[in-house]
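K.L.:
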Amino acid sequence: MRGMSGSSESLERRGRSPDAGQEASEDTGLPRQAWTLLFELMHAHMRNFPALAAEFELSPVQAHVVRQLGEGPLAMSTLANYLSCDASNVTGLVDRMEARGLVERRSSEQDRRVKMLVLTEAGVALRERLLERLAEPPELIAALSDEDLRALRDIMRRALRSQ
Numbered sequence: 001m002r003g004m005s006g007s008s009e010s011l012e013r014r015g016r017s018p019d020a021g022q023e024a025s026e027d028t029g030l031p032r033q034a035w036t037l038l039f040e041l042m043h044a045h046m047r048n049f050p051a052l053a054a055e056f057e058l059s060p061v062q063a064h065v066v067r068q069l070g071e072g073p074l075a076m077s078t079l080a081n082y083l084s085c086d087a088s089n090v091t092g093l094v095d096r097m098e099a100r101g102l103v104e105r106r107s108s109e110q111d112r113r114v115k116m117l118v119l120t121e122a123g124v125a126l127r128e129r130l131l132e133r134l135a136e137p138p139e140l141i142a143a144l145s146d147e148d149l150r151a152l153r154d155i156m157r158r159a160l161r162s163q
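Heads up, the sequence shown is in the working numbering, so the first residue is 1 and it goes up one at a time.
1) Near A151, which residues of its chain fall below 8 Å by C-beta distance, leaving aside the five closest residues on each side in sequence?
2) Tell me whether G92 is buried or exposed, calling it buried when 16 or more other Cβ atoms sit within 10 Å of its Cβ.
3) How big is the Cα-Cα spacing for A159 and A34?
4) What are the start and end residues of each continuous beta strand (DSSP E) run of 3 or more residues lying completely inside the segment 82–159, in chain order?
5) Give the straight-line distance between the Cα atoms of R153 and R113, rounded to the nearest whole angstrom.
6) Which of the three DSSP states, helix, strand or coil, is assigned to L74?
7) State the DSSP-derived secondary structure class of F49, mapped to helix, strand or coil.
8) DSSP on Q33, reduced to helix/strand/coil?
9) Which residue from S107, L119 and S108 puts its Cα closest to that of E98?
10) Between L130 and R67, which are expected to be in contact by the criterion C-beta below 8 Å, what is the C-beta distance as a whole number of angstroms?
11) Which class does F39 belong to by DSSP, given the choice of helix, strand or coil?
12) Which term fits R127, buried or exposed, when burial requires 16 or more other beta carbons within 10 angstroms of its beta carbon?
13) For A143, count neighbouring Cβ atoms within 10 angstroms of its own Cβ and tell me buried if that reaches 16, exposed if not.
14) When the distance is taken between beta carbons, is A44 closer than 8 Å to A53?
Okay, here's the thing in C-alpha cells:
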C-alpha cells in the first residue's frame with residue numbers, strides 16, 4: 001500500500017527502531033507513525049487469516065462473507081462491491097456456500113429481481129464460532145499489561161467513534 005513503506009521491519013533494517021523517531025518531525029509525523037504501526041500489526045495478524053478460515057473449512061473470502069452477512073440480508077450486488085469483484089464471481093462463491101447450507105438466496109421485498117443473501121441457522125452458528133475465534137487477541141497484544149490494554153482499548157474506541 002502506498003505510504004506504508006516505513007514499516008517497523010524496514011525501519012529496523014535501516015538501523016532505527018520503529019519508536020525512535022526524529023525529534024524535529026515527531027509532532028508532524030506522529031499520526032503517520034501511529035497509523036503505520038497499527039497497519040503493520042494488523043497486516044502481521046492477518047497473515048494467519050487463511051489458516052483461521054480453513055479451521056472452519058472456509059476460504060478467506062467465504063469467511064469475510066459469513067462475517068458480513070451476520071449484519072443482515074445483503075444484496076448480491078452489494079456483496080460484489082464489498083468484495084471488489086464482478087457479480088458473476090459472487091454467484092459461484094454463493095453457490096458453494098449455499099451447497100454447504102450456510103447461506104440462502106431470497107428475493108428482495110422491494111424488488112423481486114434483486115437477490116438477497118441471508119445466513120441460514122447453520123451459517124449463523126458458524127459465524128458465532130468464527131467471530132469467537134477472530135476475537136482471540138494475538139499473543140503480543142494479550143501479553144500487554146492491563147494498563148496498556150485499557151489505554152489501547154480506549155484509544156481505539158475514540159478513533160472508531162469518530163467514523
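In this text, a Cβ means the ideal position worked out from N, Cα and C, and glycines have one as well.
P.N.:
For this structure:
1) Taking the sequence shown and counting its residues from 1, the one referred to as residue 151 is at position 151. Nothing meets the Cβ criterion.
2) Residue mapping note: residue 92 aligns to position 92 of the sequence shown, counting from 1. Its Cβ having fewer than 16 others within 10 Å, G92 is exposed.
3) Taking the sequence shown and counting its residues from 1, the one referred to as residue 159 is at position 159. Taking the sequence shown and counting its residues from 1, the one referred to as residue 34 is at position 34. Cα to Cα, the separation comes out at about 12 Å.
4) 103–107 and 115–119
5) Your numbering for residue 153 matches position 153 in the sequence shown. Your numbering for residue 113 matches position 113 in the sequence shown. Answer to the nearest angstrom: the Cα atoms are 43 Å apart.
6) Within the sequence shown, residue 74 is the residue found at index 74, counting from 1. Of the three classes helix, strand and coil, the one that applies to L74 here is strand, per DSSP.
7) Here the question's residue 49 lines up with position 49 in the sequence shown. Reduced to three states, the DSSP call for F49 is helix.
8) As a working note, residue 33 is residue 33 in the sequence shown. If DSSP states are grouped into helix, strand and coil, Q33 belongs with the helices.
9) Within the sequence shown, numbered from 1, the residue matching residue 98 stands at position 98. Nearest of S107, L119 and S108 to E98, Cα basis: L119.
10) Numbered from its first residue, the sequence shown carries residue 130 at position 130. Numbered from its first residue, the sequence shown carries residue 67 at position 67. L130 to R67, Cβ: 7 Å. Contact.
11) Walking along the sequence shown from the start, residue 39 turns up at place 39. It is helical.
12) For the purposes of this step, residue 127 is taken as residue 127 along the sequence shown, with counting starting at 1. Buried is the call here.
13) Looking up residue 143 in the sequence shown gives position 143. Exposed.
14) By one-based count along the sequence shown, residue 53 stands at place 53. By one-based count along the sequence shown, residue 44 stands at place 44. No, Cβ-Cβ distance for A53 and A44 is not below 8 Å.
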